[in-house]
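Participant:
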């Protein structure tokens, strides 16, 4: 791994929090929500170097990290978070990096491609393509990813890089922008001991270049602990220590907690906080006095029954009377004094997004296209299935005649099944937004792209290869095998109708996938809605005979509008006669009237207008739903 780097930096930054409180509403159904205090008056100063936030589960360390990074909703936050004595700017995401605990990289892309994606969107247009490429290569070298730079990250179906390389790729996607502050949420989670040390050691090297690296971590081993410059210990949302990491052992010893010779300091700290036996207070006694030892052990065992909150309170009070508390309060007071006089943060970009709308659409669409290309089972299946069902249905209704009633019945059945297939075949689009939900939340919250850019790119890349092409294949096979009207105009109206039907089905799936967020639940909702639309399509049940208080549901049936348009397009101008030698015939118009379908030119196109309106409404609602997806915790 490289020991140095020329990755450009703005001025070194200091993040400080002052009397920070964080409150959330906790409540159950049918009960009034109650406020719960997660952080209680936390003050800390985090300068260039390795800044660790530690504490037991539920202590508030991730909440503190998110607030420092500006990634919590401000409604529940009290107190101040400053960078170099200034309020966090609106576009703080442009000069800071945030690495989630869970990996959020595209598995079908290589290490280099993921980093290049971040650079293309987050570095401004003033940076040339050559410079962006050089930045990516530099980050790859700094993070020791040279050997796997052209290897895919990996997914459920693709074998990829190791866990440590995946984690470093996540870090690299933030480093390409040259952040002055880098936040990481438990960066060692899921890594073995050796890999965890490798990742943390690389972060320590980066911190020596003037970066403030702030991270939450649970129980690191001692070799990792030695890399820390500053340690912030939390218990029940309160600070029990903030100061140099290497002075923490002496501090706890000074308040009566002696770490055993071979105990790991981070484990010891958590034991003290949780009132564990291994964190026994130091005592003065005769080492050879077994009775004294047993007596003291009994006392400690009794003390272990005390609540954790009592231990936390005692530790908090001890910290507040220590020199470390005085020092951090003095630093914080100096920063507050500068707050009103500081002219601003030098080098902070003055934009919300580094790139424009069309650049973002192009880059996101390119990534989506690569993803489809490399997920061959995802991109090919819709085309194969559409062609297969078109052939099957084509043979079922092969070359329909104009006899009555088989000619009319078979045509109507074919229209119904074609419309149903166009709606139901879009179920595969459920995962379009669900599978990438975490990636979208992280990237949009980090300033990669606008929500509108992401939505437009994803819709564009899904509709053309996954909806338009399979629909064209289906109609081309289905139409001519069955032997509908041999007219070019009729064929294209048929294609246009089923294309609109497909878009309606896709829009419905998009909306539910964004709103629900769980595949199984969304599937149940869509199935129920599709069945209702099927019942009210006007084929199985004549809509004029439906109860008045249920009749309104027919206006929401995509399948009904589709079948009506296809029927008008086909039946007008045709005559159907019984095949038993009689002269009894029925016109297509008469048959449509029996189905309660109006058949004028406007009646044909009003079905298309209705389908178009449904498409617009569903896609608009989908976009609004995506806008409302929380970008912060």
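In the working numbering, the protein residues as written are 875 to 1507.
Where a beta carbon is used, it is the ideal one built from N, C-alpha and C, also for glycine.
Here the structure is a predicted model, which is why all the values come from computation and not from measurement.
1) Would residue 1101 and residue 1074 qualify as a contact pair, given that the criterion is a beta-carbon distance under 9 Å?
2) By the DSSP assignment, the alpha helix (DSSP H) with residue 893 in it spans what residues?
3) Please identify the residue among 1197, 1275, 1120 whose C-alpha is closest to the C-alpha of residue 1450.
4) According to DSSP, is residue 1277 part of a helix, a strand, or is it coil?
5) Mark residue 925 as exposed unless 16 or more other C-beta atoms lie within 10 angstroms of its C-beta, in which case mark it buried.
6) Which word fits residue 1030, buried or exposed, when buried means at least 16 other C-beta atoms lie within 10 angstroms of its C-beta?
7) Would you be able to state if there are at least three C-beta pairs under 8 Å between the stretch 1378 to 1387 and the stretch 1293 to 1306?
8) Would you mind reading off the limits of the beta strand (DSSP E) that contains residue 972?
9) Here's a check: name, in chain order, each residue in its chain whose Cβ is nearer than 8 Å to the Cβ of residue 1156, leaving out the five neighbours to either side.
10) Excluding five sequence neighbours on each side, which residues of the same chain lie with their C-beta closer than 8 Å to the C-beta of residue 1370?
11) Which partner residues of residue 1004 appear in the DSSP bridge assignment?
12) For residue 927, which beta-bridge partners are listed by DSSP?
13) Expressed to the nearest angstrom, what Euclidean distance is found between the alpha-carbon atoms of residue 900 and residue 1025?
14) Could you check whether residue 1412 and residue 1446 sit closer than 9 Å to each other, using their CB atoms as the reference points?
15) Please state whether DSSP places residue 1193 in a helix, a strand or coil.
16) Here's the rule I'm using: 16 or more other beta-carbon atoms within 10 Å means buried, otherwise exposed. How should residue 1405 be labelled?
17) Kindly indicate which residue of 1480, 1361, 1047, 1240 has the alpha-carbon position closest to the one of residue 968.
18) Please report the residue range of the alpha helix (DSSP H) in which residue 1336 lies.
19) Looking at the structure shown, is residue 1066 part of a helix, part of a strand, or coil, going by DSSP?
20) Run through the DSSP bridge pairs and tell me what residue 952 is partnered with.
21) Indicate whether residue 1360 and residue 1260 have their beta-carbon atoms separated by less than 9 Å.
22) Pop quiz: residue 1202 and residue 888 are said to be a contact at Cβ under 8 Å. What is the actual Cβ separation, rounded to whole angstroms?
23) How is the beta strand (DSSP E) around residue 910 delimited, first residue to last?
24) Excluding the five sequence neighbours on either side, which residues of its own chain have a C-beta within less than 6 Å of the C-beta of residue 1041, listed in chain order?
25) List the residues that DSSP assigns as beta-bridge partners of residue 1115.
26) Where do the N-terminal and C-terminal ends of the beta strand (DSSP E) with residue 1383 fall, by residue?
27) Can you confirm whether the stretch 1235 to 1252 touches the stretch 980 to 988 when touching is taken to mean that 3 or more C-beta pairs between the two stretches lie within less than 8 Å?
28) Quick check: what's the CA-CA separation for residue 1391 versus residue 1302?
29) Given residue 1272, which residues of its chain have a CB within under 8 Å of its CB, disregarding the five upstream and five downstream residues?
30) Grouping DSSP H, G and I as helix and E and B as strand, with all else coil, what is residue 1233?
31) Scan the stretch 1241 to 1309 and note each continuous alpha helix (DSSP H) run of 4 residues or more that stays entirely inside, going in chain order.
32) Under three-state DSSP, which class holds residue 1098?
33) Using C-beta distances below 7 Å, list every residue in its chain close to residue 1317, excluding the 5 sequence neighbours before and after it, in chain order.
34) Closer than 6 Å by C-beta to residue 1077: which residues in its own chain qualify, once you throw out the five before and the five after it? Chain order, please.
35) Indicate whether the contact test is met: 3 or more Cβ pairs, each with one atom in the stretch 1059 to 1067 and one in the stretch 960 to 975, closer than 8 Å.
36) Quick one: what's got a C-beta closer than 7 Å to residue 1315's C-beta in the same chain, skipping five residues either side?
Facilitator: The structure says:
1) Here the question's residue 1101 lines up with position 227 in the chain shown. Here the question's residue 1074 lines up with position 200 in the chain shown. With a cutoff of 9 Å on beta-carbon distance, residue 1101 and residue 1074 are scored as near each other.
2) In the chain shown, the residue the question calls residue 893 occupies position 19. Taken as a continuous stretch (DSSP letters only), residue 893 belongs to no alpha helix (DSSP H), being part of the beta strand (DSSP E) at 889 to 900.
3) Walking along the chain shown from the start, residue 1450 turns up at place 576. Residue 1450 has its Cα closest to that of 1275, out of 1197, 1275, 1120.
4) Indexing the chain shown from 1 puts residue 1277 at position 403. If DSSP states are grouped into helix, strand and coil, residue 1277 belongs with the strands.
5) Here residue 925 refers to the residue found at position 51 of the chain shown. Classification of residue 925: buried, given that the 10 Å Cβ count is 16 or more.
6) As a first step, residue 1030 is located in the chain shown; it is residue number 156 there, counting from the start. By the beta-carbon neighbour count (other beta carbons within 10 angstroms, threshold 16), residue 1030 is exposed.
7) yes
8) The count along the chain shown starts at 1 and reaches residue 972 at position 98. Residue 972: member of the beta strand (DSSP E) spanning 970 to 973, first to last residue.
9) By 1-based counting over the chain shown, the position of residue 1156 is 282. Per-residue confidence for residue 1156 stands at a pLDDT of 45, beneath the threshold of 50, marking its modelled position as unreliable; no derived number is given.
10) Position 496 of the chain shown, counted from the start, is the residue given in the question as residue 1370. Closer than 8 Å at the Cβ level, and outside the excluded window around residue 1370, lie 1482.
11) By one-based count along the chain shown, residue 1004 stands at place 130. BP columns for residue 1004 are empty, so no partner.
12) Numbered from its first residue, the chain shown carries residue 927 at position 53. Answer is 1090, 1106.
13) To locate residue 900, count along the chain shown from 1; it is residue 26. To locate residue 1025, count along the chain shown from 1; it is residue 151. The alpha-carbon separation between residue 900 and residue 1025 amounts to approximately 44 Å.
14) Residue 1446 sits at position 572 when you count from the first residue of the chain shown. Residue 1412 sits at position 538 when you count from the first residue of the chain shown. The answer is no: Cβ separation not under 9 Å.
15) By 1-based counting over the chain shown, the position of residue 1193 is 319. DSSP places residue 1193 in helix when its eight states are reduced to three.
16) As a position in the chain shown, residue 1405 is number 531, starting the count at 1. Exposed is the call here.
17) Locating residue 968 in the chain shown gives position 94, where the first residue counts as 1. Answer by Cα proximity: 1047.
18) Residue 1336 sits at position 462 when you count from the first residue of the chain shown. Element bounds for residue 1336: 1325 to 1336.
19) Stepping through the chain shown from its first residue, residue 1066 is reached at position 192. Looking at residue 1066 - three-state DSSP - the assignment turns out to be coil, as it is neither helix nor strand.
20) Position 78 of the chain shown holds residue 952. Bridge partners of residue 952: 895.
21) Position 486 of the chain shown holds residue 1360. Position 386 of the chain shown holds residue 1260. Against a cut-off of 9 Å, the Cβ pair of residue 1260 and residue 1360 comes out as no contact.
22) Taking the first residue of the chain shown as position 1, residue 1202 is located at position 328. Taking the first residue of the chain shown as position 1, residue 888 is located at position 14. Not really, about 12 Å apart at Cβ, beyond 8 Å.
23) For the purposes of this step, residue 910 is taken as the residue at position 36 of the chain shown. That run of the beta strand (DSSP E) goes 908 to 920.
24) Walking along the chain shown from the start, residue 1041 turns up at place 167. Residues of the same chain with a CB within less than 6 Å of the CB of residue 1041, apart from the 5 flanking positions on each side, are 1073 in chain order.
25) Locating residue 1115 in the chain shown gives position 241, where the first residue counts as 1. DSSP output for residue 1115 lists 1107 as bridge partner(s).
26) Residue numbering aside, residue 1383 sits at position 509 when the chain shown is read from its first letter. No beta strand (DSSP E) holds residue 1383; the alpha helix (DSSP H) holding it covers 1362 to 1390.
27) yes
28) The residue you call residue 1391 lines up with position 517 of the chain shown. The residue you call residue 1302 lines up with position 428 of the chain shown. The straight-line gap from Cα to Cα measures roughly 14 Å.
29) One-based indexing of the chain shown puts residue 1272 at position 398. Answer for residue 1272: 1355, 1356, 1357, listed in chain order.
30) Taking the first residue of the chain shown as position 1, residue 1233 is located at position 359. Residue state for residue 1233 is assigned as helix, using DSSP reduced to three classes.
31) 1250 to 1270, 1280 to 1298, 1305 to 1308
32) In the chain shown, counting from the first residue as 1, residue 1098 sits at position 224. If DSSP states are grouped into helix, strand and coil, residue 1098 belongs with the helices.
33) Locating residue 1317 in the chain shown gives position 443, where the first residue counts as 1. Excluding residues within five positions, the ones whose Cβ falls inside 7 Å are 1323.
34) Translated into positions along the chain shown, residue 1077 becomes position 203. Hits under 6 Å: 1087.
35) yes
36) Numbered from its first residue, the chain shown carries residue 1315 at position 441. Answer for residue 1315: 1503, 1505, listed in chain order.
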